[in-house]
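Here is the structure we will look at.
In the working numbering, the protein residues as written are 7 to 264.
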């Protein structure tokens with residue numbers, strides 16, 4: 007494990023594997039960098055992979071107050087460490103940050119996106135208008151289990167009985183360590199609508215990938231691709247949101263190597 011220091015002094019932890027052109031992996035949701043480790047290991051055959059803990063997750067620090075700009079600075083510090091430019095893979099909520107970073111002008115040379123959770127009108131019930139405020143309030147109160155429950159019920163739309171089963175399982179407590187960062191994804195998501203101005207600002211080559219198992223997510227993928235200039239578009243039919251690393255890594259490797 008290595009660390010870079012972000013502009014505000016926050017240490018950002020990462021693993022570096024492989025040799026070749028630099029690729030940075032960005033995760034989302036109540037996870038740390040271990041979720042992307044299998045993809046990092048597979049990509050390491052042809053790339054230098056930087057798999058990091060976003061602030062507030064895993065072994066990275068967390069300087070308050072949170073701002074999106076600070077997360078962009080974290081990613082910039084990592085890209086600087088990688089040699090000054092890098093290709094980026096953003097998965098799920100990590101795609102929210104990846105899009106914002108590319109639109110902001112960070113030195114990203116290629117952008118790959120897996121199932122970024124924007125919501126198109128009419129494709130599913132809207133996330134509550136105060137979702138972001140609820141997550142930050144729960145975070146301040148230390149109610150991390152409630153943050154997880156709010157996320158799974160309102161953002162993911164899991165059935166209540168399924169969430170109840172998750173709460174009774176051993177891994178629920180483990181997710182609590184990264185639950186505070188759900189507020190940060192909520193800040194990035196805003197009202198979860200497609201960020202037309204950010205997508206219009208993207209000029210780097212991009213690929214948009216989905217699994218066609220969640221209709222509203224697939225609708226968002228189509229809309230993202232439509233808003234980008236000359237994107238690549240792939241569907242890994244039957245892949246769940248927690249995509250199999252063996253299924254997505256060849257698509258990433260082909261895109262990054264082209």
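Note that the Cβ used here is the ideal one computed from N, Cα and C, for glycine as well.
- Secondary structure at residue 234: coil, using DSSP grouped into helix, strand and coil.
- Cα atoms of residue 207 and residue 165: separation of roughly 37 Å, rounded to the nearest angstrom.
- Residue 157 counts as buried, since no fewer than 16 other beta carbons sit within 10 angstroms of its beta carbon.
- Relative to the Cα of residue 30, the nearest Cα in the group 60, 14 and 69 belongs to 60.
- Annotated three-state conformation of residue 119 is strand, per DSSP.
- For a cut-off of 8 Å, the C-beta gap from residue 193 to residue 74 is around 6 Å, short enough to register as a contact.
- Per DSSP, the unbroken beta strand (DSSP E) holding residue 95 starts and ends at 92 to 97.
- Under the rule that a run must span 3 or more residues, the beta strand (DSSP E) segments found entirely inside the region 165 to 231 read 212 to 216.
- Unbroken beta strand (DSSP E) runs of no fewer than 3 residues, entirely contained in the region 16 to 66, are found at 17 to 23, 28 to 32 and 54 to 58, following chain order.
- As for any alpha helix (DSSP H) of minimum length 4 sitting wholly inside the region 107 to 164, the runs are 137 to 146 and 150 to 156, ordered along the chain.
- Linking residue 119 to residue 179 through their CA atoms gives a straight-line distance of about 29 Å.
- Boundaries for residue 249: no alpha helix (DSSP H) harbours it, and the DSSP string shows neither H nor E there.
- Beyond the five residues adjoining it in sequence on each side, residue 230 comes within less than 6 Å, by CB distance, of 214 in the same chain, given in chain order.
- With a 10 Å radius around the Cβ and a threshold of 16 neighbouring Cβ atoms, residue 171 comes out exposed.
- Rounded to the nearest whole angstrom, the C-alpha separation of residue 113 and residue 14 is 20 Å.
- Straight-line spacing of the CA atoms in residue 216 and residue 17 works out to 32 Å.
- In this structure, the CA atom of residue 145 is about 16 Å from the CA atom of residue 37.
- If you draw a straight line from the Cα of residue 245 to the Cα of residue 212, it comes to about 20 Å.
- DSSP places residue 82 inside the alpha helix (DSSP H), whose first and last residues are 74 to 87.
- Residue pairing for residue 10: DSSP places it in a beta bridge opposite 18.
- Residues of the same chain with a CB within less than 6 Å of the CB of residue 241, apart from the 5 flanking positions on each side, are 216 and 218 in chain order.
- Close CB contacts of residue 83 within its chain, under the 8 Å cut and outside five residues either way in sequence, are with 10, 11, 12, 13 and 18 (chain order).
- Note on residue 42: 16 or more other CB atoms within 10 angstroms of its CB, so buried under the neighbour-count rule.
- The straight-line gap separating the alpha-carbon atoms of residue 48 and residue 27 is approximately 14 Å.
- Put simply, of 199, 87, 243 and 65 the residue whose alpha carbon is nearest the alpha carbon of residue 133 is 199.
- Its chain contains 62, 68, 145, 150 and 153 as the residues whose beta carbon lies nearer than 8 Å to that of residue 186, once the 5 sequence neighbours on both sides are disregarded; these appear in chain order.
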